[in-house]
Amino acid sequence: MAVQRLDNVGIVVDDLDEAVAFFTELGLEVEGRAPIEGLFADQTVGLDGVRSEIAMMRTPDGHGKLELAAYRHPAAHRPEPQDPPPNTLGLHRVMFAVDDLDDTLARLRPHGAELLGEVAEYEGIYRLCYLRGPAGIIVALAEQIG
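With full-length UniProt numbering applied, the sequence shown corresponds to residues 1 to 146, in that order.
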C-alpha cells in the first residue's frame with residue numbers, strides 16, 4: 001500500500017490566536033477549531049492528561065493543511081535555543097507559494113514576521129525568503145517571476 005496524500009503538517013504554538021491570525025493574513029483559511037483531550041489524545045501522542053486546542057488551517061486551493069496546536073497540559077516544551085537556526089535537525093520549514101512577495105511581507109510584519117536573511121532571486125525564476133513567524137516557526141515564501 002502506498003501513501004495516499006500528505007494530510008497535514010502539525011505545528012505546536014504557544015498562542016493559538018496569534019498563530020491563526022498570522023496564517024490567516026498569509027491567506028490560509030480556518031477549516032475548524034476544536035479542543036483535543038481524552039484517552040484517544042493521550043494514546044495518539046504518547047502523553048498523559050493531554051488538554052489542547054487545535055486549529056486546522058487550509059490553503060486556498062484546498063490541498064495543503066497546517067494543524068496548529070496549543071497544549072494546555074502538559075505544557076509545551078520550548079527547545080533550546082528558542083529560535084533555532086534553519087540548519088537545525090528536524091522539521092526545517094514550511095514553504096508557501098505567493099503571488100506578491102513584497103505585499104505578503106508587508107502584511108505579515110505587523111504579526112511579528114521577521115526576515116532571517118533577505119529576499120533573494122533564484123535564476124530569474126523565483127524570489128524567495130525565509131522569515132520567522134509565531135512560536136519561532138520558519139516560514140519560506142516563494143514568488144514565481146519567470
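We put the beta carbon where it would ideally sit given N, CA and C, even for glycine.
Here the structure is a predicted model, which is why all the values come from computation and not from measurement.
Simplified DSSP state of Ala75, which is helix, strand or coil:
coil
Secondary structure at Val139, three-state DSSP: helix, strand or coil?
strand
Is DSSP giving Gln144 helix, strand or coil here?
strand
Arg107 by DSSP, collapsed to three states: which one?
helix
Of the residues Gly90, Phe40, Cys129 and Leu89, which one's Cα is nearest the Cα of Thr104?
Cys129
For Asp42, which residues in the same chain have their Cβ closer than 6 angstroms to its Cβ, ignoring the five residues on either side in sequence?
Asp48 and Val50
Through-space distance from Lys65 to Val139, alpha-carbon basis:
14 angstroms
According to DSSP, what are the bridge partners of Arg51?
Glu37 and His73
Rounded to the nearest angstrom, what separates Gly62 and Ala75 at their Cα positions?
31 angstroms
Of all the options Arg5, Leu68, Pro79 and Gly112, which has the alpha carbon lying nearest to the alpha carbon of Leu89?
Pro79
Buried or exposed: Tyr71, going by 16 or more other Cβ atoms within 10 Å of its Cβ?
buried
With DSSP as the reference, label Leu89 as helix, strand or coil.
coil
Quick one: what's got a C-beta closer than 6 angstroms to Glu37's C-beta in the same chain, skipping five residues either side?
Val50 and Arg51
For Glu114: DSSP bridge partner residues
Arg132
Let me make sure I understand the geometry here. Which of Ala142, Pro60 and Arg5 has the alpha-carbon closest to that of Asp100?
Ala142
Just mark Met95 as buried or exposed, buried being the case when its beta carbon has 16 or more other beta carbons within 10 Å.
exposed
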